[in-house]
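Novice:
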Amino acid sequence: MISSIGKNVEETYATLLTEKSAIQQGKKKHTERFKVGEIHSSNAELMQTFGLKTVGSRTALLGMIAAKEAFAGHEFRSDVRTGLISGTSVGGMDVSEEEYKTEYNGEKSNPVMYLHHPSGTTTEQIATELGLTGFVNTISTACSSAANAIMMGARMIRTGQLDRVIVGGTDCMTNFTISGFRSLMIFDTDFCRPFDESRKGLNLGEGAGFLVIESAESMKKTNKQALAKLSGWSNASDAFHQTASSPEGFGAVLAMRKALQVANLQPEEIDYINAHGTATPNNDLSESKAFLTVFDGKVPAFSSTKAYTGHTLAACGGIEAVIALLSIQHRTLFPNLNHVTPIEETGLTPVKTVQENVDIQHVLSNSFGFGGNNSTLIISKI
Amino acid sequence: MFYIHAISSITHQNSFRSEDVNENLEPISEESVLKSPDYKEYISPVALRRLSPVLRMGIAAAKECEKEVGKPFDAISVGTALGCLTDTEKFLKVINTVEGDVLSPTSFIQSTHNTIAGQISLDLGNHSYNMTHTQNNLSFEMALIDGMLCCKEGAENVLVGTADEAIEFLNSLKPSIFLAESNLTSGATFMAISPVKKASSVAVLDCSTHFGTVDLKQEIEIFLAKNDLGLATISRIFTNTDIDLVGEKILYEDFSGLYFSSAAFGTHMAHDWLQKNPNKYALVVNTGCSKNTGLILLKNDQA
Chain A
1 MISSIGKNVE
11 ETYATLLTEK
21 SAIQQGKKKH
31 TERFKVGEIH
41 SSNAELMQTF
51 GLKTVGSRTA
61 LLGMIAAKEA
71 FAGHEFRSDV
81 RTGLISGTSV
91 GGMDVSEEEY
101 KTEYNGEKSN
111 PVMYLHHPSG
121 TTTEQIATEL
131 GLTGFVNTIS
141 TACSSAANAI
151 MMGARMIRTG
161 QLDRVIVGGT
171 DCMTNFTISG
181 FRSLMIFDTD
191 FCRPFDESRK
201 GLNLGEGAGF
211 LVIESAESMK
221 KTNKQALAKL
231 SGWSNASDAF
241 HQTASSPEGF
251 GAVLAMRKAL
261 QVANLQPEEI
271 DYINAHGTAT
281 PNNDLSESKA
291 FLTVFDGKVP
301 AFSSTKAYTG
311 HTLAACGGIE
321 AVIALLSIQH
331 RTLFPNLNHV
341 TPIEETGLTP
351 VKTVQENVDI
361 QHVLSNSFGF
371 GGNNSTLIIS
381 KI
Chain B
1001 MFYIHAISSI
1011 THQNSFRSED
1021 VNENLEPISE
1031 ESVLKSPDYK
1041 EYISPVALRR
1051 LSPVLRMGIA
1061 AAKECEKEVG
1071 KPFDAISVGT
1081 ALGCLTDTEK
1091 FLKVINTVEG
1101 DVLSPTSFIQ
1111 STHNTIAGQI
1121 SLDLGNHSYN
1131 MTHTQNNLSF
1141 EMALIDGMLC
1151 CKEGAENVLV
1161 GTADEAIEFL
1171 NSLKPSIFLA
1181 ESNLTSGATF
1191 MAISPVKKAS
1201 SVAVLDCSTH
1211 FGTVDLKQEI
1221 EIFLAKNDLG
1231 LATISRIFTN
1241 TDIDLVGEKI
1251 LYEDFSGLYF
1261 SSAAFGTHMA
1271 HDWLQKNPNK
1281 YALVVNTGCS
1291 KNTGLILLKN
1301 DQA
């Protein structure tokens, strides 16, 4: 994975242990007015540092970096059908918005650049860099995209259509999305404070997070040891409002319950929740209420790691799945930074400091998107 | 088998609520326009004012399918190649022109790809699985593969569909990007699929996609062999490219025009043709752009 807290999994883990956020005042023209979690490398620098050969949008480059890291040590072989499913919400908008602006200002633009625009092309560029052909798909359900890509991969494997699949998501920070969230007035000008009574909104971030999931059958061929098991998944629709969550978190409750069902687990068996926790007043209250409903008042340890990374939109489900894996592997809970006061209405307190030597069997990870798109993944220790 | 219990298209043809879309097809010309139904039947006047063509088409075609099957969907799987272009361009204009801090969020909200599926769930009050796939010319096939997965997992009434809209800006890019001679078109096709056989016996047997096709003919043969069939058993091929295959071929793009999820309309044409041809097989071959191939095998399973 790559995000503002690290350019690979190892760096990410090290940063998570420091309890220090990477969110700071933006350093680019379109981010300088906001507190963001940005990656301080230009596209050219990213291509050079990571030895990328395929030209692509920033979204695609970030995806290539994370997908290559995830697939390192694996190889393509004809008897292991390998797919790629990536989630993205902006696709190549970073390229298009520059081109559009150029043309809008009456300067000479290069229309061929718009070929980078489609979200599907972003994934094809990642596939090209990996050298992958065959099943290549893109999911775009706003902030739940990566979680849905992971779920789709699991379902393709379970029905025997693929043996192994690289899944996750990627989004870079564009002026388009920054302006969009500004128009919705859900930015906090200060550092975001998920699940805190004083929370005012989110900080944006950028990044990509990918995992390789493989059937047990295929692992016998490839001689690989799994890091964990993807045991549950679900998507449900809140069907309440195009952007806001229902006050009681109806869709979130459905998604969490269905995922528990797929995993064949009882709510009390969940040891830790990596919450969606964007720090908007609406999401965190709605998600908290959904926790109280699903866990019947006995909410397990939970935190939102978005105060570290910022909200990486379509990528967050992938990034947070990697963080869930790190939790299981290192028996460590990572904190919900900047939390002081529980939300008055729900009284829930998240994990506030790094907690080590915790036995974690099952982690539940939520990702919720615009359009009332609610997704839950459950990752279990092997 | 995944039986198609309802299918509805809004295109440049008189396809909406048509008994057989293959009747009265007109080749797409420069003058062709999107034949929009009276949306007031499906969408409230207030909503209609803020909804772009792609959203209108998607909602109306989806609602028509629900009306035909007469029960709520267990899952909704939508594909769109380029998403909500009208609102995307509107918001690009806003950020290039509006100074100051107050921006109208409407076009941003409606610019995300899953606005189509999300708006359908909102309008139908549907809380089930809700997915949006966007894989260039394979967007319909991806939505269909997901819909078939939902059926395999127990769903009995799944909405599968696609919608894509042409905007003037896209046509302005045509000389530099697209090889097409005619203008780009718009279109939406939605269908209700089910593992349960009912009145309709036309079914999707299989769907496959491939990024990086080298030998199309071989790929088709492998796909058919996987289904214990050969090219000789296919009565009609609906394709968007003049492929070198023996058999009766219909070029669906002559009638859908060019939009990247038009394989869905090719499938609608195949469906309506099969309805009149019991126990026959049809194949939709989509090799729209670059090295992407989509294959959809259908059958009228009347026997």
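Sequence order for the protein chains is A and B.
Just so it is clear: in the first sequence, position 19 is 19 by my numbering, and no numbers are missing.
Throughout, my numbering is defined as the position within the second sequence, counted from one, plus 1000.
Virtual Cβ for every residue (Gly too), placed ideally from N, Cα, C.
Computed from a predicted model, the values in this text were never measured in an experiment.
Using 8 Å as the threshold, is the C-beta distance between residue 230(A) and residue 150(A) below it?
Specialist: Result yes, Cβ atoms of residue 230(A) and residue 150(A) sit closer than 8 Å.
Novice: Taking residue 275(A) as the reference, give the member of 293(A), 364(A) and 199(A) with the closest Cα.
Specialist: Residue 364(A) is the option with its Cα nearest to residue 275(A).
Novice: Pick out whichever of 68(A), 78(A), 59(A) and 104(A) has its Cα sitting closest to the Cα of residue 95(A).
Specialist: Among 68(A), 78(A), 59(A) and 104(A), the Cα nearest to that of residue 95(A) belongs to 59(A).
Novice: For residue 284(A), which three-state DSSP category applies?
Specialist: Correct three-state label for residue 284(A): helix.
Novice: Any beta carbon from chain B within less than 8 Å of residue 101(A)'s own beta carbon?
Specialist: For residue 101(A), the answer is yes, since a Cβ of chain B falls inside 8 Å of its Cβ.
Novice: Please state whether DSSP places residue 15(A) in a helix, a strand or coil.
Specialist: Note: residue 15(A) maps to helix in three-state DSSP.
Novice: Just reading off the beta strand (DSSP E) that residue 1238(B) is part of, what are its end residues?
Specialist: Counting along the chain, the beta strand (DSSP E) containing residue 1238(B) begins and ends at 1234-1239.
Novice: Rounded to the nearest angstrom, what separates residue 1275(B) and residue 1160(B) at their Cα positions?
Specialist: Approximately 19 Å, taken between the alpha carbons.
Novice: Check whether the segment 276-284 of chain A and the segment 8-15 of chain A touch, using three or more Cβ-Cβ pairs below 8 Å as the test.
Specialist: Taking 8 Å as the limit for Cβ pairs, the verdict is that the segment 8-15 of chain A does not touch the segment 276-284 of chain A.
Novice: Say whether the segment 1069-1088 of chain B touches the segment 1026-1042 of chain B, bearing in mind that this needs 3 or more beta-carbon pairs closer than 8 Å, one atom from each stretch.
Specialist: Taking 8 Å as the limit for Cβ pairs, the verdict is that the segment 1026-1042 of chain B does not touch the segment 1069-1088 of chain B.
Novice: Which parts of the segment 1098-1129 of chain B are runs of the beta strand (DSSP E), unbroken and 3 residues or longer, counting only runs that do not cross its ends?
Specialist: You should have found no qualifying run.
Novice: Return yes when the Cβ of residue 144(A) is within less than 8 Å of the Cβ of residue 373(A), no when it is not.
Specialist: Cβ atoms of residue 373(A) and residue 144(A): closer than 8 Å.
Novice: Which two residues bound the contiguous alpha helix (DSSP H) that contains residue 119(A)?
Specialist: Start and end: 119-130.
Novice: When the Cα atoms are used, what is the spatial distance from residue 1137(B) to residue 1216(B)?
Specialist: The straight-line gap from Cα to Cα measures roughly 16 Å.
Novice: Mapping DSSP to helix, strand and coil, what is residue 177(A)?
Specialist: Residue 177(A): helix per DSSP, three-state reduction.
Novice: Consider the Cβ of residue 81(A): report whether some Cβ of chain B lies at a distance smaller than 8 Å.
Specialist: No, no contact with chain B.
Novice: Per DSSP, what kind of secondary structure is residue 311(A) in: helix, strand or coil?
Specialist: If DSSP states are grouped into helix, strand and coil, residue 311(A) belongs with the strands.
Novice: For the beta strand (DSSP E) that residue 384(A) lies in, which residues bound it at each end?
Specialist: Residue coverage of chain A in this structure runs from 1 to 382, which leaves residue 384(A) outside it and unanswerable.
Novice: Under 7 Å Cβ-Cβ, which residues of chain A neighbour residue 1142(B)?
Specialist: Result: 137.
Novice: Reducing DSSP to helix, strand and coil, say where residue 1275(B) ends up.
Specialist: Looking at residue 1275(B) - three-state DSSP - the assignment turns out to be helix.
Novice: Can you tell which of 1141(B), 1090(B) and 1258(B) has its C-alpha closest to the C-alpha of residue 1051(B)?
Specialist: That would be 1090(B), whose Cα lies nearest to the Cα of residue 1051(B).
Novice: Scan the segment 109-120 of chain A for residues whose Cβ lies nearer than 9 Å to a Cβ of chain B and list them as they occur along the chain.
Specialist: Those would be 110, 111, 112, 114, 115, 117, 118, 119 and 120, in chain order.
Novice: May I ask you to list the residues that DSSP assigns as paired with residue 1131(B)?
Specialist: Note: residue 1131(B) sits in a beta bridge opposite 1077(B).
Novice: Where does residue 258(A) land, buried or exposed, given buried means 16+ other C-beta within 10 angstroms?
Specialist: Answer is buried; the Cβ neighbour count reaches 16.
Novice: From the beta carbon of residue 1136(B), is the nearest beta carbon of chain A less than 8 Å away?
Specialist: Residue 1136(B) counts as touching chain A.
Novice: So which residues on chain A does residue 1082(B) lean against when the C-beta distance must stay under 7 Å?
Specialist: Going along chain A in sequence order, the residues near residue 1082(B) (Cβ under 7 Å) are 118.
Novice: Mark residue 1234(B) as exposed unless 16 or more other C-beta atoms lie within 10 angstroms of its C-beta, in which case mark it buried.
Specialist: With 16 or more other Cβ atoms within 10 Å, it is buried.
Novice: Can you tell me where the alpha helix (DSSP H) with residue 330(A) in it begins and where it stops?
Specialist: Per DSSP, residue 330(A) belongs to the alpha helix (DSSP H) from 316-330.
Novice: When you compare the segment 82-89 of chain A with the segment 303-323 of chain A, are there three or more beta-carbon pairs, one atom per stretch, that lie closer than 8 Å?
Specialist: Contact between the segment 82-89 of chain A and the segment 303-323 of chain A is present, because at least three Cβ pairs lie under 8 Å.
Novice: Here's the rule I'm using: 16 or more other beta-carbon atoms within 10 Å means buried, otherwise exposed. How should residue 277(A) be labelled?
Specialist: Counting Cβ neighbours within 10 Å, residue 277(A) comes out buried, since at least 16 surround it.
Novice: Give the range of the alpha helix (DSSP H) segment to which residue 1144(B) is assigned.
Specialist: That run of the alpha helix (DSSP H) goes 1139-1152.
Novice: Which partner residues does residue 137(A) have in the DSSP bridge list?
Specialist: DSSP, once it has assigned bridges, lists 85(A) as partnering residue 137(A).
Novice: When Cβ atoms are compared, which residues of the segment 1103-1123 of chain B fall closer than 8 Å to chain A?
Specialist: Per Cβ criterion, the list reads 1103, 1104, 1105, 1108, 1109, 1110, 1111, 1112, 1113, 1114, 1115, 1117, 1118, 1119, 1121 and 1122.
Novice: Does residue 218(A) come out as helix, strand or coil in the three-state DSSP assignment?
Specialist: In the structure shown, residue 218(A) sits in a helix (DSSP, three-state: H, G or I).
Novice: Counting C-beta neighbours from all protein chains within 10 Å, is the total for residue 40(A) 16 or more, i.e. buried, or is it exposed?
Specialist: So residue 40(A) ends up on the exposed side.
Novice: The beta strand (DSSP E) with residue 302(A) in it runs from where to where?
Specialist: Taken as a continuous stretch (DSSP letters only), the beta strand (DSSP E) holding residue 302(A) covers 301-303.
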